[in-house]
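This report refers to the structure that appears directly beneath it.
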Amino acid sequence: MPPRARGPTGLSPRDAERLRPCLDAFLASTDSRARIAFDPLEFPHRYRDPRDMEVSALLAAALAYGRADLFRPKVDALLKRMGPSPAAFVRALDVAGARELLTGFVYRFNVGTDVAVLLLGMGRALREHGSLEALFVQGLEARGSWHGALDAFTSALRDVPMAPLRKALGPERGLQHLLPSPLGAGAAKRLNLFLRWMVRGPDGVDLGIWKRVSPSALLIPLDTHIGRISKHLGLTRRNDLSWRTAEEVTASLRALDAADPVRFDFALCHYGMSGVCPTKPIPENCAQCKLLPACSVGQKTVKAQSRAR
Numbered sequence: 026m027p028p029r030a031r032g033p034t035g036l037s038p039r040d041a042e043r044l045r046p047c048l049d050a051f052l053a054s055t056d057s058r059a060r061i062a063f064d065p066l067e068f069p070h071r072y073r074d075p076r077d078m079e080v081s082a083l084l085a086a087a088l089a090y091g092r093a094d095l096f097r098p099k100v101d102a103l104l105k106r107m108g109p110s111p112a113a114f115v116r117a118l119d120v121a122g123a124r125e126l127l128t129g130f131v132y133r134f135n136v137g138t139d140v141a142v143l144l145l146g147m148g149r150a151l152r153e154h155g156s157l158e159a160l161f162v163q164g165l166e167a168r169g170s171w172h173g174a175l176d177a178f179t180s181a182l183r184d185v186p187m188a189p190l191r192k193a194l195g196p197e198r199g200l201q202h203l204l205p206s207p208l209g210a211g212a213a214k215r216l217n218l219f220l221r222w223m224v225r226g227p228d229g230v231d232l233g234i235w236k237r238v239s240p241s242a243l244l245i246p247l248d249t250h251i252g253r254i255s256k257h258l259g260l261t262r263r264n265d266l267s268w269r270t271a272e273e274v275t276a277s278l279r280a281l282d283a284a285d286p287v288r289f290d291f292a293l294c295h296y297g298m299s300g301v302c303p304t305k306p307i308p309e310n311c312a313q314c315k316l317l318p319a320c321s322v323g324q325k326t327v328k329a330q331s332r333a334r
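Add 25 to the 1-based position in the sequence shown for my numbering, that's all there is to it.
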């Protein structure tokens, strides 16, 4: 049976015990490494130096919206032009270099000026703090909350002189979408995705190069796939993709694994992305799904199919 309704602190211990075997079996049956080629995580996996990993990861995560076949070539082209070390590139980057790299750049909501702010902000962070991890930890210690830490992180990255950039590349267009500051009530999916890559692991998927932040503190990178599947599994009753919903889903996952609550994120997200678990359920897929014993929608779909025969 699907988990029962529960309070705002997450699944009850009994419901967590019912759901845990399903999710563990689902995770064990997922070939996560094969899915990396379909994920923006492929880009930081190309590097070995931690600073190159975090710079390429934040660039990739920031632009990872819309269709993967559209944003991946944009990220790939930028990284190739940045040379063998993205970290060295951004450390040395100035307005003239940004103009050379980003003149004519457009991807959906974003133009070259938006990306220049991100790259220049990362370069400044590396020069002043040594790593993006150090900058994030500074905000976490100062603000005392995950939301506050992310808000401080994006605010610091955006603290670059805008007038020279606007003169060189034109006005910004989607900077708030690329690098939100103030953070607001949204789930900040792409930023939390970046943090998952940095903090979890290394496990063949996530990189685990940040050692000063605990995986237990991570927030689920909430998108349409995770939101829909989470509701099917009783991890949340909320319908929106807000920070509050991400907190509710994470609280439920924390009842399953307090030390590593977002370890199911990659597999669940790609289950939706791959089309195996689409918005309109496919009875044959539901019948074979490892999550069926815990999925309210899957159970209804399979029962309806049985009655129709």
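Beta carbons are placed, not taken as given, at the ideal position from N, Cα and C, and that holds for glycine.
Check, Outcome
"From what residue to what residue does the alpha helix (DSSP H) around TYR296 run?", "290-298"
"Near PRO33, what residues of its chain come up, given a Cβ to Cβ distance below 8 Å and the 5 sequence neighbours on each side ignored?", "Only weak support is given to the placement of PRO33: the predicted model assigns it a pLDDT of 46, under 50, and the question is left unresolved by the model."
"Report the rounded CA-to-CA distance for LYS315 versus GLY323, giving the unit in angstroms.", "10 Å"
"Nearest to ASN135 by CA position, among ARG225, LYS256, PRO306, ALA87, is which residue?", "ALA87"
"Verify whether the separation of the beta carbon atoms of LEU175 and GLY148 is less than 7 Å.", "no"
"Distance, Cα to Cα, SER241 vs VAL142?", "31 Å"
"Among the residues of its own chain, which have a CB less than 6 Å from the CB of ARG39, if the five just before and after it don't count?", "none"
"I'd like to confirm the pairing. Which residues does DSSP put opposite SER267 in its beta bridges?", "GLY211"
"Compute the Euclidean distance between the alpha carbons of ILE254 and PHE114, then round it to the nearest angstrom.", "40 Å"
"Short check: CB of LEU293 to CB of PRO286, under 7 Å?", "no"
"From the DSSP output, read off the bridge partner residues of TYR90.", "Per DSSP, none; premise fails for TYR90."
"Excluding five sequence neighbours on each side, which residues of the same chain lie with their C-beta closer than 7 Å to the C-beta of LEU232?", "PRO69, MET78, TRP222, MET223, GLY226"
"Report the three-state DSSP secondary structure of VAL238 (helix, strand or coil).", "coil"
"Compare the Cα-Cα distances from PHE20 to each of GLY252, PHE96, SER331 and report the closest residue.", "In this structure the chain extends from 26 to 334, so residue 20 is not present and cannot be described."
"Could you name the residues that DSSP lists as bridge partners for ASN217?", "BP columns for ASN217 are empty, so no partner."
"On a CA-only basis, which of GLU125, VAL185, GLY229, THR179 is nearest HIS202? Give me that one, please.", "THR179"
"For PRO27, does the three-state DSSP call read helix, strand or coil?", "Confidence is the limiting factor: at PRO27 the pLDDT is only 39, short of 50, which leaves the residue's position unreliable and the question unanswerable from this model."
"If we ignore side chains and look at the alpha-carbon of each, how far apart do ALA53 and HIS295 end up?", "14 Å"
"Report yes if the CB atom of GLY137 is closer than 7 Å to the CB atom of LEU194, and no otherwise.", "yes"
"Quick check on this structure: which residue in ARG71, VAL162, GLY122 has the alpha carbon closest to the alpha carbon of PRO189?", "GLY122"
"Measure from the alpha carbon of LYS192 to the alpha carbon of each residue in ARG124, GLY91, LYS325, then state which is nearest.", "ARG124"
"Let me know if ARG92 comes out buried or exposed under the rule of 16 or more other beta-carbons within 10 Å of its beta-carbon.", "exposed"
"Label ASP139 either buried or exposed according to how many other C-beta atoms from any shown protein chain fall within 10 Å of its C-beta, with 16 as the threshold for buried.", "buried"
"For LEU160, which residues from the same chain have a beta carbon less than 7 Å from its beta carbon, with the 5 sequence-adjacent residues on both sides left out?", "ALA150, HIS154, PHE178, ALA181"
"Which residues share a DSSP beta bridge with ASN135?", "TYR132"
"Could you work out which residue in GLY297, LYS305, ARG262, VAL230 is closest to ALA62 when comparing CA atoms only?", "VAL230"
"Measure the alpha-carbon distance for GLY209 versus HIS250 and round it to whole angstroms.", "21 Å"
"When we look at the beta-carbon of LYS236 and count the other beta-carbons within 10 Å, is it buried (16 or more) or exposed?", "exposed"
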